[in-house]
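Numbering (the working numbering), first residue to last: 3 to 184.
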């Protein structure tokens, strides 16, 4: 019997702002001024993340609607050693206030894993486990799944949820969560 865990991931996005100096004349030396403080922040960041699907290990099995938002549901099949590493990519997250800059405007990626416990075990921490990474990570993150979250008949399951919150340079977070469920 194959052992597997179901994955749910939630990704929250944040934004920062920019101001464009507009001049009514055709002045080619027009300056663009970017402001990344809370007072001038115009946009909230957008979180965008994907799961690297690997044949035989990770597959999308459908969607789940929560608060009128549809989220992808994935099945993670554990390897012979009892675990599987799943790779997440949030490098597509961005802040519209940084639209004309070389970086995406995201300073922090905060990944939170909730309900990762063996099926039937209710002694886990309801607050989950949080992993915080700087912009230097490029939004790439991996997590090792090792808990069987389905009963022995394969009909009843507990879903693991992963949330991503991204923060912009002004410290704002995204307004809409991006969720992975499984």
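In this text, a Cβ means the ideal position worked out from N, Cα and C, and glycines have one as well.
Computed from a predicted structure; not experimentally measured.
Whole-angstrom distance between residue j and residue i, CA atom to CA atom
i, j, result
"residue 170", "residue 155", "45 Å"
"residue 94", "residue 153", "36 Å"
"residue 57", "residue 67", "25 Å"
"residue 119", "residue 83", "17 Å"
"residue 92", "residue 157", "32 Å"
"residue 87", "residue 146", "4 Å"
"residue 149", "residue 90", "18 Å"
"residue 141", "residue 126", "27 Å"
"residue 122", "residue 99", "46 Å"
"residue 175", "residue 59", "32 Å"
"residue 173", "residue 136", "13 Å"
"residue 108", "residue 80", "32 Å"
"residue 77", "residue 124", "21 Å"
"residue 165", "residue 44", "24 Å"
"residue 53", "residue 61", "9 Å"
"residue 134", "residue 114", "9 Å"
"residue 55", "residue 69", "25 Å"
"residue 85", "residue 103", "40 Å"
Residue closest to residue i, alpha-carbon to alpha-carbon, out of the options
i, options, result
"residue 130", "112, 67, 141 and 53", "112"
"residue 116", "148, 173, 75 and 128", "128"
"residue 110", "81, 85 and 143", "143"
"residue 51", "167, 174 and 172", "167"
"residue 132", "163, 77, 79 and 74", "163"
"residue 1", "151, 160, 105 and 124", "Nothing can be reported for residue 1, as the shown portion of the chain is limited to 3 through 184."
"residue 161", "134, 114, 79 and 75", "75"
"residue 47", "159, 78, 85 and 97", "97"
Within 8 Å, strictly: CB atoms of residue i and residue j
i, j, result
"residue 63", "residue 72", "no"
Minimum Cβ-Cβ distance from residue i to chain B less than 8 Å
i, result
"residue 121", "Although the question refers to chain B, the structure presented lacks it and comprises just one protein chain."
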